[in-house]
Structure formats: structure tokens, C-alpha cells
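A.B. asks:
Numbering (my numbering), first residue to last: 8 to 236.
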């Protein structure tokens, strides 16, 4: 299997996701789109990234050819995912956000109609994207690819247990800087990478990531803390 295809398969869904973020930001600043509800770009983003993952699925041997999960590993993934969620909603002080570097405070995703009610369909798209699509896309990029590629260009040859401390630290820092809550992101990056190294199964950090995002989604919808979305 050509190395360039294995790299492309893990980078492309992530790039598509990030391009949508850039598009959303650019359109939000366009006065001629003031009447558009740009929140509906999120379902489009989820659909495009999902399609990329489906079309490239045969390339993800770490998911398609992984060993069966053990109950202990599954339980560990769920536990770690829950602990990351708790850390995430508590590590929101101004000095551990991108505001420290001059970034604006994100408004968050608020699926509210003009009458004040939650738009169920919009909220469902957001929840499903965050809990089901994003974990697969990000774990394939950050843990399967970047974490191992730092050690060796032919990253598929690197066993999770053999990942270096250097790669572990660099990836956790980069993953943190991808998020507005950068310290919470670093904690999550450490936790998910540790799971991958410990279990030798990418599905475990995917599940942990999904649990974190699902719990965060339920909490946001329940409390109205939209800035976390």
C-alpha cells in the first residue's frame, strides 16, 4: 500500500473539517450573507467529512483489522472519556484559553430558534457530528497518523507501544492548540494517546473521545453553556 495514500486517507477528512471552519469564519464576516443561517453549514460539514471517511474506510487498517476489544479496555475507554469531560468543563479559566494569545471568545454553537426553543434537528446534527464523526476523524489524524509519523514516516510500521515520549508530548501540545480551551485539549490529547499506547487499539481512544463529546453535548443542551460547543 503506497505510503502517500495512507497519509492522504488520514489527513483529508481533517483538512475538509478545518476548511469548513475557515469557510464559516469567512462567511460570518460577509455582510451580504447577514440573512443566512450559517449554523446549517455544520450538517454539510459532517456530511462531507463522513463521506470522505466512508470512501477511504478500506485504508484504515488500524480500525478494520484491529483485535477484538476486551471488556476491560472498553470500560477503561468509557471511564477516561468521562474523566476528560469533567476536566474539560472545569478547565475554562481565561488564562487557559486562546484568549491569552489575543483570540476572541467563541460564541459556540447555539441551536436556538427565534422563539427561544431548541431546534431539535440542528441540535441532533451537532450532537451526532461531535459524538460520532469527529472522534473517528480526529483520532485517525492525531493518534493514528501524527503521533506515529513524528517517529517514522512509514507510520503504520510503528507499534503504539513503541511511540516515543517526544511524539507523545508534541502531539498532545498540538492537539491542545487546536482547541480554544488549550489546557483541556492537552489533557484530552494525553488521555487519548495513553489509551492508544496502552491498549494497542485505536477504537478505544475513539470510544473515549466519543464519550467525552457525547457527555459534553448532553451537558451543553441541559445547561445552555453554548460556548463549550
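In this text, a Cβ means the ideal position worked out from N, Cα and C, and glycines have one as well.
#1: Suppose you measure from the CA of residue 8 to the CA of residue 185; what does that come to, to the nearest Å?
#2: Closest to residue 47 by CA distance: which of 207, 131, 124 and 98 is it?
#3: Let's test the definition: count the other Cβ atoms within 10 Å of the Cβ of residue 102 and tell me whether it reaches 16, buried, or not, exposed.
#4: Among 32, 115, 53 and 114, which has the Cα closest to the Cα of residue 20?
#5: Hey, quick one: how far does the alpha helix (DSSP H) through residue 57 stretch, first residue to last?
#6: Following the continuous alpha helix (DSSP H) through residue 190, name the residue where it begins and the one where it ends.
#7: Whose C-alpha, out of 119, 115 and 208, is nearest the C-alpha of residue 187?
#8: With distances taken from CA atoms, which of 123, 57 and 93 is nearest residue 22?
#9: Based on Cα-Cα distance, which residue from 192, 189 and 200 lies nearest to residue 174?
#10: Decide if the stretch 136-144 is in contact with the stretch 188-196; the criterion is three or more beta carbon pairs, one per stretch, under 8 Å apart.
#11: Can at least three beta-carbon pairs, one atom from the stretch 117-130 and one from the stretch 146-166, be found at a separation below 8 Å?
#12: What separation, rounded to the nearest whole angstrom, lies between the Cα atoms of residue 158 and residue 152?
#13: Helix or strand or just coil, what does DSSP make of residue 125?
#14: Write down the C-beta distance between residue 224 and residue 134 rounded to the nearest angstrom, noting that I regard them as a contact closer than 8 Å.
#15: Under 8 Å Cβ to Cβ from residue 125, same chain only, skipping five residues before and after it: list those, please.
#16: Quick one: grab the DSSP three-state call for residue 9.
#17: Check whether the Cβ atoms of residue 88 and residue 218 sit closer than 8 Å, and answer yes or no.
#18: When you compare only the Cα positions, how much space is there between residue 83 and residue 206?
#19: So, helix, strand or coil for residue 170, using DSSP?
#20: For a test of the three-state rule: what should DSSP assign to residue 96, helix, strand or coil?
#21: Can you give me the start and stop residues for the alpha helix (DSSP H) that residue 232 sits inside?
#22: In three-state DSSP terms, what is residue 157?
#23: Ends of the alpha helix (DSSP H) at residue 70?
C.D. replies: Considering the structure as presented:
#1: Interpretation of residue 8 is limited by its pLDDT of 45, a score under 50 that renders its predicted location unreliable; the figure taken from the coordinates is listed afterwards. Just so you know, the alpha carbons of residue 8 and residue 185 end up roughly 30 Å apart.
#2: Looking at 207, 131, 124 and 98, the one whose alpha-carbon comes closest to that of residue 47 is 131.
#3: Looking at its Cβ environment, which holds fewer than 16 other Cβ atoms inside 10 Å, residue 102 is exposed.
#4: Ranked by how close their Cα comes to the Cα of residue 20, the residues 32, 115, 53 and 114 have 53 in first place.
#5: According to the DSSP assignment, residue 57 belongs to the alpha helix (DSSP H) that extends over 48-62.
#6: First-last of the alpha helix (DSSP H) with residue 190: 189-206.
#7: Ranking the options by Cα distance to residue 187, first place goes to 115.
#8: Here the closest residue by C-alpha is 57.
#9: Measuring from the Cα of residue 174, the nearest candidate turns out to be 200.
#10: Touching, no.
#11: Too few Cβ pairs lie closer than 8 Å, so no.
#12: The straight-line gap from Cα to Cα measures roughly 10 Å.
#13: Looking at residue 125 - three-state DSSP - the assignment turns out to be strand.
#14: Contact between residue 224 and residue 134 holds: CB atoms are separated by about 4 Å, below the 8 Å threshold.
#15: Answer for residue 125: 118, 119 and 228, listed in chain order.
#16: Confidence at residue 9 is low in this model, with a pLDDT of 47, below 50, so its placement is unreliable and the value that follows should be read with caution. Coil.
#17: Here residue 88 is near residue 218, since their CB atoms are less than 8 Å apart.
#18: Rounded to the nearest angstrom, the two C-alpha atoms are 10 Å apart.
#19: Coil, per DSSP.
#20: If DSSP states are grouped into helix, strand and coil, residue 96 belongs with the helices.
#21: Counting along the chain, residue 232 falls outside any alpha helix (DSSP H), and DSSP gives it neither H nor E.
#22: If DSSP states are grouped into helix, strand and coil, residue 157 belongs with coil.
#23: It spans 68-71 - the alpha helix (DSSP H) in which residue 70 sits, taken as one unbroken run.
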